[in-house]
Amino acid sequence: MAPKPKTIISPPKPPSSRPHLFKNRMGLGAYIAAPESYPASVVIYYNADFVVIHDKFPKATVHTLLLPRSPKHTLLHPFEALQDVEFLEKVKEEVGKLKVLVAAELQRRLGSFSRSDAAREAVLNGDAEPEEGQAKTAAEGQEKNDKGKEPQLPPGRDWMADLMCGVHAVPSMGNLHIHVLSRDMHSPAMKHRKHYNSFNTPFLVDVADFPLGEADPRRIPKDEGYMRRDLVCWRCGKNFGNRFKELKDHLDKEFEEWKRE
């Protein structure tokens with residue numbers, strides 16, 4: 001992933017009435033308050049309005065969290081915070097930037113396995129020459145840019161289509177956070193049914209769906225019973241009922257096929 005900027009941005013000082021940043025559900029507040037104190041392996045980047053971190057317990061190959069730094073919104077329920085149209089637009093813009101980074105990281109990790117990326121990987125590895133109009137190296141790309149031409153690698157897999165993005169209807173942490181992660185659900189940290197269904201039912205609400213209508217059923221997740229739904233493979237649609245161990249074994253196989261698409 002891209003390294004965090006060297007420019008240090010002074011973190012906002014939390015109000016004295018705010019709960020201790022490092023306790024219980026308020027753990028994300030530490031990253032919001034002082035992102036510069038964490039290494040790039042934890043904090044991916046930050047600016048005056050947002051901090052982006054790697055999820056401490058990732059549920060997929062790449063799993064990031066976007067943390068808004070706005071004191072007005074950080075302790076609100078996401079459904080309430082994202083009703084603010086001006087704030088929502090800022091979040092959507094930052095989510096768009098983060099999705100580009102996550103897709104690039106997913107491609108970096110898995111591109112060598114993907115049939116769709118085979119031609120691109122061959123050029124990157126020096127095993128094939130770029131076609132006309134394509135740049136083989138960064139130097140060549142800069143040279144072509146200087147000549148007004150657009151450098152390109154062979155078209156490959158649309159890794160952006162393999163991403164999910166959203167907020168949970170019942171957040172597990174007190175500070176507002178938006179999940180941006182790969183679709184695969186392949187991780188040792190995905191340990192039980194609740195983990196899986198929280199990302200594979202309408203319990204995860206896409207940021208693009210906001211602002212939500214007043215009658216949107218996702219506003220009352222308990223009534224909808226998302227966590228009690230059958231476990232259904234995100235890729236092939238096979239229903240595993242409540243048999244999480246079988247689903248987990250199945251997802252390992254699906255991951256091997258998915259990364260080779």
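For what it's worth, UniProt numbering labels the leading residue of the sequence shown as 1, then goes sequentially.
Glycine included, every Cβ here is placed at the ideal spot set by N, Cα and C.
Residue i (DSSP reduced to helix, strand or coil)
i      : result
HIS250 : helix
ASN200 : helix
ASN24  : helix
PHE87  : helix
PRO217 : helix
MET185 : coil
HIS77  : coil
TYR226 : helix
Cβ-based neighbour list, residue i, same chain, cut-off 7 Å, excluding 5 preceding and 5 following
i      : result
THR201 : TYR226 and ARG229
ASN239 : ASP230 and VAL232
LYS59  : LEU181, MET185, SER187, ALA189, MET190, HIS195 and PHE199
TYR31  : TYR38, VAL43, VAL51, ILE53 and LEU67
MET160 : LYS99 and ALA103
PRO78  : VAL167, PRO171 and LEU176
Expected contact under 8 Å - CB spacing of residue i and residue j to nearest Å
i      : j      : result
ARG260 : SER114 : 6 Å
VAL207 : GLY166 : 6 Å
ASP55  : LEU67  : Not quite, the Cβ-Cβ distance comes to about 11 Å (not below 8 Å), so this is no contact.
HIS168 : LEU204 : 6 Å
VAL102 : VAL180 : 5 Å
LEU251 : GLY174 : The Cβ separation is near 30 Å, so there is no contact.
Sequence-distant residues of the same chain with beta carbon closer than 6 Å to residue i, five excluded per side
i      : result
ARG183 : ASP162 and MET164
LEU88  : LEU82 and PHE210
Proximity test, residue i beta-carbon vs the ligand GTP heavy atom, cut-off 8 Å
i      : result
PHE199 : Although the ligand GTP was asked about, the structure shown includes no ligands whatsoever.
Residues near residue i by beta carbon distance below 8 Å, same chain, minus five either side
i      : result
SER172 : ARG25
Three CB pairs or more closer than 8 Å across the region 210 to 220 and the region 118 to 129: no
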